[in-house]
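A quick write-up on the structure given underneath.
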Amino acid sequence: MMYWIRNDLRVHDNPALIQALQQGCTEAVFLSCEKQWQQHHQSPVKTDFIYRHLQLLSKQLADLGVRFRIIEVDDFQGQAHWLKAWQDGQHSKGLTAQVFANAELELNERLRDKQIIDSGVSLNLFEADVIISKGLVLTAGGDMYRVFTPFKRAWITHLLNNGFECLPKPNPIKGEAPNVNNNDVIDSIEQRRKSINKSSEHWPDASEVLSGPLREWLDNGIHDYGNARDFPAKPATSRLSPHLCIGAISPRLLIRLLMQSYPMILEHQQSSTFVWLNELIWREFYRHLLHAYPNLIKGENFNRQYDTLQWRNDPQEFARWCQGKTGYPIVDAAMRQLNQTGWMHNRLRMIVASFLTKDLLIDWRWGEQYFMEQLIDGDFAANNGGWQWAASTGCDAQPYFRIFNPVRQSQNFDPNGEFIRKYVPELAQIPDRDIHFPHQYLTDNNCENLYESAIVDHKQAREVTLAAYKACR
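With the working numbering applied, the sequence shown corresponds to residues 441 to 913, in that order.
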């Protein structure tokens, strides 16, 4: 028997691992397919984060008496071939050959699993990436909700009526556990990490988060979340998205801990604590949505009305956006944060996505892919949902005529320019009142060359964009 590690890099709340151990499984495998990851635009920093957690997981599995190995294959087809060969080898020895794994959401992953099962491999799949199983929160007609608020109401009702199960960390294998240390795997992973050009070391691993920072967040930080979460200069968010993204921390564990601390949170929906839970429910919404509409993975607009939208798609303007050289300080600071750290504050994600799609009129798919190539928390469902929301092409998206004014957003959410000065240091000496759009100040002080000129006039760009969207209606 084999436990196949995928996007579930943890021992807590891991149904596939628990079931495998109950069946006496003592082997685990991770089928690394970096070529496939590159085809899916996975960022180097996320790859490094995965390998770090595989090192951690190898130690945790050793404590459970489970031998762990990493096998390198090219792609999902290679994974299917390896598992088939492994099963044939087990059968030739007269041994049981079952594979236990947690299901993955995306379309190619689903097709791979179907191919594996169709080939005769006994693949047992479990669900471990959401709080409420996908397909259980539906309209009265049995369809997936297309608007978030009624989905949220139904999601909460389901949780109140049915509860949820967060599985504990499993016990070691019964009987005399084999002497396992998995040190060879830890060493091989370290060698792999040396070839990755972007480290994730500035992010704590899940064991560090669970041992202290998460409790500190739930006890204290969460109380200011509702008021401070939109200000990128403030450390006001939980920063758990990278761990959720790779399955190193379970969403069911988070809500269990949250409800232990705040038992009435589902009834007190105006509280700051509920504002944070609301973000977890948005995560659920986009995952349930992708489960119901798998073709979103192919780049389709959820709202097909905008399939004929005439994007400008200027490659030079896209390059300036990617580099953080648009001449709009809040946009540039956000993009430089992304490029330097592999992460971006959520308010900033909305600002830069609106700017790309509605100031530059560049296809949201370009930005979606660039984000995936850079983000440590690049999750297809959330990333696609966020980009289509900003571009007004998505499910329950903002109206097409809602176009963020980047200067006003900067004034509202970075009023003193603290965040801008951190990532756009050439503007460090600009007065607060001018830093949000410094071009007149730079001209008056004969230093226009200090900073990029504005890539577009926002007011004019807004009119062009409105006309383009109206033409589709």
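Glycine included, every Cβ here is placed at the ideal spot set by N, Cα and C.
Asked	Found
What residues match up with Trp444 in a beta bridge as DSSP calls it?	Val469
CA-CA distance, Ser794 and Val561?	46 Å
How many Å lie between Ser639 and Trp783 at the Cα?	12 Å
Closer than 8 Å is the cut-off here; do at least three beta carbon pairs connect the region 603-613 with the region 747-762?	no
Rounded to the nearest angstrom, what separates Asn845 and Arg727 at their Cα positions?	30 Å
Tell me, please, which residues DSSP counts as bridged to Ala541.	Leu565
Would the beta-carbon of Gln814 fall within 8 Å of that of Asn779?	yes
Just confirm the distance between the C-beta atoms of Arg692 and Asp453, as a whole number of angstroms; I'd bet it's less than 8 Å.	5 Å
Among Lys499, Ala668 and Ile557, whose alpha-carbon lies nearest the alpha-carbon of Gln519?	Ile557
Tell me the rounded alpha-carbon separation between Pro839 and Ser832.	6 Å
If you drop the 5 nearest sequence neighbours on each side, which residues of the same chain put their C-beta closer than 6 Å to that of Cys685?	Asp817 and Asp819
How about Arg446 and Ala541: are their beta carbons less than 8 Å apart?	yes
With burial defined as no fewer than 16 other Cβ atoms inside 10 Å of the residue's Cβ, what is the status of Pro878: buried or exposed?	buried
Assuming contact is defined by CB atoms lying nearer than 8 Å, are Asp583 and Leu545 in contact in what I supplied?	no
For the region 821-836 and the region 866-880, state whether three or more C-beta atom pairs, one from each stretch, are separated by less than 8 Å.	no
From Gly661 to Arg669, what distance separates their C-alpha atoms?	10 Å
At which residues does the alpha helix (DSSP H) containing Arg633 begin and terminate?	Asn623 to Arg633
Following the continuous beta strand (DSSP E) through Glu512, name the residue where it begins and the one where it ends.	Arg507 to Glu512
For the 8 Å Cβ check, are there 3 or more pairs between the region 644-653 and the region 487-507?	yes
Mind checking which residues open and close the alpha helix (DSSP H) that includes Thr487?	Pro484 to Asp503
Could you check what DSSP says for Met784 in three-state terms: helix, strand or coil?	coil
Whether or not the region 704-718 and the region 521-529 are in contact is what I'm after, with contact meaning three or more pairs of Cβ atoms, one per stretch, closer than 8 Å; do they touch?	no
Just verifying my parser: in three-state terms, what is the DSSP assignment at Leu650?	helix
By DSSP, does Leu578 sit in helix, in strand, or in coil?	strand
In whole angstroms, give me the CA-to-CA distance for Leu706 and Gln700.	12 Å
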